[in-house]
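Going left to right, the sequence shown walks through residues 1 to 275 as UniProt numbering numbers them.
Structure first, then comments.
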Amino acid sequence: MATSREWEFAGTRGAVTARIWADGEPRYVAVLVHGYGEHLGRYGHVADVLVRHGAVVCGPDHAGHGRSAGERVLVEDFEDVVADLRTVVDAARGDHPGLPVVMIGHSMGGLIATRYAQLHGGALAALVLSGPVLGRWHVVEELLPLGTMPDEPIDTSTLSRDPAVGRAYTGDPLIWHGPFKKPTVRALDAALRRVDEHGSLGPLPTFYVHGEADELVRPRDTRVGIEAIRGDDLTERLYPGARHEVFNETNRDEVLSDVTAFIDRVLAAAPRSGT
């Protein structure tokens, strides 16, 4: 198993904790971007696969998430979260000059990663989006008109067909189990609109994966966003029966194998260090 270490930096809204997994001499950098309410510690098994594949893996706990500072799950502007992510990427590129950078964003992290790619795509060799919040999100549409946010816990069966995933989620003290914050809902709405308006990712190789049975972030809604951002090199794979967290699904090995195969294809065809 790859060894990991944490480091901290001054983010846009307070201290941000980042994590790095490494073992041996890497051939690329993989940056993980986690979703709403969770933290990067849930991605250790993904990091292990990527490290064995030749990556040094890193990523932050977003402000208000996990071990980072800030009021829990409060995000007033996702441009701030993108700026924190850029700090992590810049640090990784400084530590590993010349290595290509692949960004992997899940759920809300897919929205953040897409916005990063729109602003700083020249720093990336490839982008992977897992069940990304793009286009429209029914959760935001339902919550936006409400004055009070309902305190209804997530149905953990929507995460994965593996019941152990739901049990671990429920028992994780670093995961937020309370209601949305209204400013975060507004910020999500603004970020979705901003990404749609910015448009195409151009030549950036992009791999979009999604569970066909995802009821948290519905594929038909994400499709709206994918069509808005799709560039010249989009690969996609929808997994029948899979729910929201495809990296934690019963076919997780298949999903991660598809991701590493995509990375191999990109690095073989157009290795680059970014600008």
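Every residue, glycine too, gets a C-beta built ideally from N, C-alpha and C.
All values reported here derive from a predicted model rather than from experimental measurement.
Can you check which of these residues, the options, is closest to residue i by C-alpha distance?
i           : options                        : result
GLY14       : GLY225, GLU71, TRP21, GLY37    : GLU71
ALA250      : ARG193, GLY66, PRO163          : In the sequence as presented, Ala is not what sits at residue 250; that position holds Thr. Of the candidates ARG193, GLY66, PRO163, the one whose C-alpha sits nearest the C-alpha of THR250 is PRO163.
ASP232      : THR184, LEU127, ARG218         : LEU127
ASP258      : ARG237, ASN248, LEU267, LEU74  : ARG237
LEU204      : PHE262, ARG220, ARG93          : PHE262
ILE104      : ARG52, GLY166, SER4, VAL31     : VAL31
GLY11       : GLY64, ARG186, ALA190          : GLY64
ILE20       : ARG186, VAL140, VAL89, GLU245  : VAL89
ARG193      : ARG136, VAL73, THR17, VAL46    : ARG136
ASN248      : PRO183, VAL165, GLY110, PRO60  : VAL165
VAL195      : SER130, THR148, PRO179, GLY110 : GLY110
GLY85       : LEU134, ALA228, VAL33, SER107  : Looking at the sequence itself, residue 85 is Leu, so the reference to Gly does not match. Of LEU134, ALA228, VAL33, SER107, the residue nearest in Cα terms is VAL33.
VAL81       : ILE112, ARG223, ARG52, ASP253  : ILE112
THR87       : SER107, CYS58, TYR239          : CYS58
GLU212      : ILE229, GLU142, TYR239, GLY202 : TYR239
TYR169      : PHE9, ALA2, GLU8, HIS39        : HIS39
TRP7        : ARG67, GLY178, VAL246          : ARG67
residue 280 : GLY178, GLY24, LEU134          : No answer is possible for residue 280: it lies beyond the span of the chain, which begins at 1 and ends at 275.
LYS181      : GLY147, ARG161, SER160         : GLY147
ASP155      : VAL56, HIS244, THR260          : HIS244
ASP264      : TYR116, VAL102, SER130         : VAL102
Let me know if residue i comes out buried or exposed under the rule of 16 or more other beta-carbons within 10 Å of its beta-carbon.
i      : result
ALA269 : exposed
VAL49  : buried
PRO97  : exposed
SER200 : exposed
GLY241 : exposed
THR17  : buried
GLY121 : buried
HIS210 : buried
PRO150 : exposed
PRO26  : buried
PRO153 : exposed
VAL224 : exposed
PRO132 : buried
PRO60  : buried
GLU227 : exposed
THR222 : buried
HIS138 : exposed
THR114 : buried
ARG52  : exposed
Who does residue i pair with in a DSSP beta bridge?
i      : result
THR17  : GLU8
VAL102 : ALA30, ALA126
GLU236 : TYR208
PRO60  : ALA18
THR3   : ALA22
ALA55  : TYR28
I'd like the list of long-range same chain contacts for residue i, defined as Cβ closer than 8 Å, with 5 residues on each side in sequence excluded.
i      : result
ARG171 : It is Gly, not Arg, that sits at residue 171 in the sequence shown. Closer than 8 Å at Cβ, skipping near neighbours: no residue.
LEU144 : VAL185, ARG186, ASP189
ARG230 : SER200, LEU201, THR206
GLU141 : none
Report all residues from its chain with a CB closer than 6 Å to the CB of residue i; omit the five preceding and five following residues, and keep chain order.
i      : result
PHE207 : VAL128, THR235, PHE262
SER4   : ARG19, TRP21
GLN118 : HIS198
GLU215 : THR158
TRP176 : GLY37, ARG72, VAL73
ALA92  : VAL29, CYS58
VAL46  : PHE247
LEU256 : VAL49
GLY35  : HIS106, SER107, MET108, GLY109
Quick one: residues in its chain with C-beta nearer than 7 Å to the C-beta of residue i, no 5 flanking neighbours on either side, listed in chain order?
i      : result
PRO183 : LEU74, GLU76
ARG272 : Any reading at ARG272 needs caution, since the residue's pLDDT is 47, under 50, leaving its predicted position unreliable; the model's value is listed next. These residues qualify, in order along the chain: PRO100, ALA125.
VAL266 : ALA125, ALA126, PRO205
SER157 : GLY166
PRO219 : HIS210, GLU212, LEU238
Legend entry - Complete runs of the beta strand (DSSP E) confined to the segment 153-223 [at least 3 residues]: Within the segment 153-223, the complete beta strand (DSSP E) runs of at least 3 residues are 206-211.
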